[in-house]
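Chains as they are written, first to last, in this note's numbering: chain S, 1321 to 1564; chain F, 1091 to 1410.
Structure below.
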């Protein structure tokens, strides 16, 4: 398998605090990777570095062998790294349609070099994505009025509409009901044919069900890496995360 | 801004423009000239509204754009003997430059800092006008009545001071601003600007370089405000420092808030109502600002989204 994203010695310090310390991460194309670890392990900081919301203190990030370390967040999106927010971040006063349309339009502009003029093109793509995540009947609903579970799905829809190479999902199932989590898992599994997925998740059931590879973080470092069964067997992990 | 409807929008805007055009044959002389003034000032407010209403950036220095247009045009006529149209072009060109330069600096800030930076630059322009009084004639300013040649179109010649010409020129300016604003809002760029207004960080994370979009909005906003200033100088034959003062930066903010922030017709409605409100109350008492203030406070409590915003909320969700 080809490597999609590779980090070397990636670190981020906030004053004296080492949030992320010397992380070497290697993601293959098409894999679903879960990053787990206790609160404060540096998971969100790590993906913020990958998505460009934060600048690393040291280390490099490569996407398809290209050094993208210093790229701004919007440039990284243009190169295919798309982040969906842990705290739902939508255009709350606009309809679901508009929310996704803004993402679709940005993607079309990147692929074709100019902003699209035909609304019908955009509409087609918006409907496709809304259907994919299963909220097509809420097209006209104002995002702020959606149920929380649907807001999470809209967040994912906006990510998908950007046609990512790497989709980063930051605690996507937090606050979702049991049935919603099921729907969510099948949605994510269906996506992995066309993109690489990096998943930060606390719900171990979701992690074990989805992930092909798991990276365990603690205190800013990678503690262990392996398949779900390897990780389950790893005693060091059990001590720090699963509580022995 | 829920459901876009380009067709309904076009019909409504055409209706408004037609109404304003026909009004010139009906209105008595006093209101005729008042309407000319309102349409020019409403164009200024529409320029302001592009930045506040559709990009979410509140500027307190827009008088600098208005006065840049006004002075660049006025000085071209007064000192260099240009006729109206080239002077107008010079005015717009200067405002585009000024607003783009200001954008490069001020857009590195946001929120309250942006407010303060624009306020400071606005004051700097005002003080420069006073300082370079050999060109600007300081606080008093100058009139263009003698210097301004009539506008020649084909065989016809129009004096800028003729009421009919004034009304139609103001109408043309207003129509141009209205069409530009509506096209902008329906266009893909307008969609991005609204996205920035709603949630800038999210817009960035969808891959948009928001700085460039804000710079574009700032430049267009400044250019429309400056164009209004240029036309104001030509039609009302007066160029003065009072148009660069801080209160003239706050005026479009009040007009826009009253008429409806982020609506294309709000600035016209707000400018018109405010003008007549001051007109009526000042004929009645010297404490008219107290009454105007009280009415504004009531409006902000009752309809914080402004009059057109209220119409959009209650009746016409497609209103741009």
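Where is the CB? At the ideal position from N, CA and C, for every residue including glycine. Quick caveat, the model's predicted, so the values are computed rather than measured.
Suppose the cutoff is 6 Å on Cβ atoms and the five residues either side in sequence are ignored; what does the same chain contact list for residue i look like?
{"i": "residue 1350 (chain F)", "result": "1356, 1396, 1397, 1398, 1399"}
{"i": "residue 1354 (chain F)", "result": "1271, 1272, 1410"}
{"i": "residue 1475 (chain S)", "result": "1404, 1408"}
{"i": "residue 1373 (chain S)", "result": "1393"}
{"i": "residue 1320 (chain F)", "result": "1159, 1163, 1178, 1181"}
{"i": "residue 1289 (chain F)", "result": "none"}
{"i": "residue 1322 (chain S)", "result": "1349"}
{"i": "residue 1479 (chain S)", "result": "1402, 1404, 1487"}
Would you decide whether residue i is buried or exposed? Buried here means 16 or more other CB atoms lie within 10 Å of its CB.
{"i": "residue 1223 (chain F)", "result": "exposed"}
{"i": "residue 1243 (chain F)", "result": "exposed"}
{"i": "residue 1510 (chain S)", "result": "exposed"}
{"i": "residue 1138 (chain F)", "result": "buried"}
{"i": "residue 1568 (chain S)", "result": "The shown model of chain S, from 1321 to 1564, leaves out residue 1568 (chain S), and the question about it has no answer."}
{"i": "residue 1521 (chain S)", "result": "buried"}
{"i": "residue 1498 (chain S)", "result": "exposed"}
{"i": "residue 1362 (chain S)", "result": "buried"}
{"i": "residue 1298 (chain F)", "result": "buried"}
{"i": "residue 1405 (chain F)", "result": "exposed"}
{"i": "residue 1396 (chain S)", "result": "buried"}
{"i": "residue 1253 (chain F)", "result": "exposed"}
{"i": "residue 1543 (chain S)", "result": "buried"}
{"i": "residue 1304 (chain F)", "result": "buried"}
{"i": "residue 1374 (chain F)", "result": "exposed"}
{"i": "residue 1311 (chain F)", "result": "buried"}
{"i": "residue 1358 (chain F)", "result": "buried"}
{"i": "residue 1425 (chain S)", "result": "buried"}
{"i": "residue 1235 (chain F)", "result": "exposed"}
{"i": "residue 1537 (chain S)", "result": "buried"}
Considering residue i, what are the terminal residues of the beta strand (DSSP E) in which it resides?
{"i": "residue 1353 (chain S)", "result": "1352–1356"}
{"i": "residue 1536 (chain S)", "result": "1533–1538"}
{"i": "residue 1100 (chain F)", "result": "Run containing residue 1100 (chain F): none in the beta strand (DSSP E); it sits in the alpha helix (DSSP H), 1096–1116."}
Any beta carbon from chain S within less than 8 Å of residue i's own beta carbon?
{"i": "residue 1281 (chain F)", "result": "yes"}
{"i": "residue 1092 (chain F)", "result": "Confidence is the limiting factor: at residue 1092 (chain F) the pLDDT is only 45, short of 50, which leaves the residue's position unreliable and the question unanswerable from this model."}
{"i": "residue 1289 (chain F)", "result": "yes"}
{"i": "residue 1198 (chain F)", "result": "no"}
{"i": "residue 1402 (chain F)", "result": "no"}
{"i": "residue 1405 (chain F)", "result": "no"}
{"i": "residue 1285 (chain F)", "result": "yes"}
{"i": "residue 1395 (chain F)", "result": "no"}
{"i": "residue 1278 (chain F)", "result": "yes"}
{"i": "residue 1294 (chain F)", "result": "yes"}
Could you pull the start and end residues of the alpha helix (DSSP H) that residue i belongs to?
{"i": "residue 1344 (chain S)", "result": "Note, residue 1344 (chain S): premise wrong, no alpha helix (DSSP H); not H, not E."}
{"i": "residue 1311 (chain F)", "result": "1300–1326"}
{"i": "residue 1341 (chain F)", "result": "1337–1349"}
{"i": "residue 1163 (chain F)", "result": "1153–1168"}
{"i": "residue 1127 (chain F)", "result": "1119–1145"}
{"i": "residue 1546 (chain S)", "result": "First-last for residue 1546 (chain S): 1541–1546, but that is the beta strand (DSSP E), not the alpha helix (DSSP H)."}
{"i": "residue 1334 (chain S)", "result": "Run containing residue 1334 (chain S): none in the alpha helix (DSSP H); it sits in the beta strand (DSSP E), 1323–1334."}
{"i": "residue 1485 (chain S)", "result": "It is not in any alpha helix (DSSP H) - residue 1485 (chain S) carries neither H nor E in the DSSP assignment."}
{"i": "residue 1252 (chain F)", "result": "Neither: residue 1252 (chain F) is in no alpha helix (DSSP H) and is coded neither H nor E."}
{"i": "residue 1378 (chain F)", "result": "1378–1392"}
In chain order, what residues of the same chain lie with their CB nearer than 8 Å to the CB of residue i, ignoring the 5 residues before and after it?
{"i": "residue 1382 (chain F)", "result": "1364, 1367, 1368, 1371"}
{"i": "residue 1512 (chain S)", "result": "1350, 1351, 1352"}
{"i": "residue 1529 (chain S)", "result": "1505"}
{"i": "residue 1387 (chain S)", "result": "1380, 1381"}
{"i": "residue 1309 (chain F)", "result": "1186, 1189, 1190, 1193"}
{"i": "residue 1119 (chain F)", "result": "1253"}
Cβ of residue i less than 8 Å from any chain F Cβ?
{"i": "residue 1468 (chain S)", "result": "no"}
{"i": "residue 1433 (chain S)", "result": "no"}
{"i": "residue 1426 (chain S)", "result": "yes"}
{"i": "residue 1413 (chain S)", "result": "yes"}
{"i": "residue 1541 (chain S)", "result": "no"}
{"i": "residue 1421 (chain S)", "result": "yes"}
{"i": "residue 1339 (chain S)", "result": "no"}
{"i": "residue 1478 (chain S)", "result": "yes"}
{"i": "residue 1430 (chain S)", "result": "yes"}
{"i": "residue 1446 (chain S)", "result": "no"}
{"i": "residue 1485 (chain S)", "result": "no"}
Excluding five sequence neighbours on each side, which residues of the same chain lie with their C-beta closer than 7 Å to the C-beta of residue i?
{"i": "residue 1531 (chain S)", "result": "1352, 1353, 1354, 1519, 1548"}
{"i": "residue 1294 (chain F)", "result": "1300"}
Query raised in the report: Residue ranges of each alpha helix (DSSP H) run of no fewer than 4 residues wholly in the region 1203–1249 of chain F, ordered along the chain?
Result: Segments of the alpha helix (DSSP H) lying fully in the region 1203–1249 of chain F: 1223–1226.
Residue ranges of each beta strand (DSSP E) within the region 1365–1449 of chain S, 3 or longer
Complete beta strand (DSSP E) runs here, min 3: 1378–1383, 1401–1404.
Task: Within the region 1263–1288 of chain F, ranges of the alpha helix (DSSP H) (whole runs, at least 4 residues) - done: 1278–1288, all fully within the region 1263–1288 of chain F.
Discussion item. Please list, in chain order, the residues of the region 1296–1320 of chain F that have any C-beta partner in chain A closer than 8 Å.
Written reply: Here the protein chains are S and F, and chain A is not one of them.
Practice prompt. Ignoring anything shorter than 4 residues or poking outside the region 1491–1521 of chain S, list the alpha helix (DSSP H) runs there in chain order.
Written response: Secondary structure remark: continuous alpha helix (DSSP H) runs of at least 4 residues inside the region 1491–1521 of chain S, in chain order: 1498–1511.
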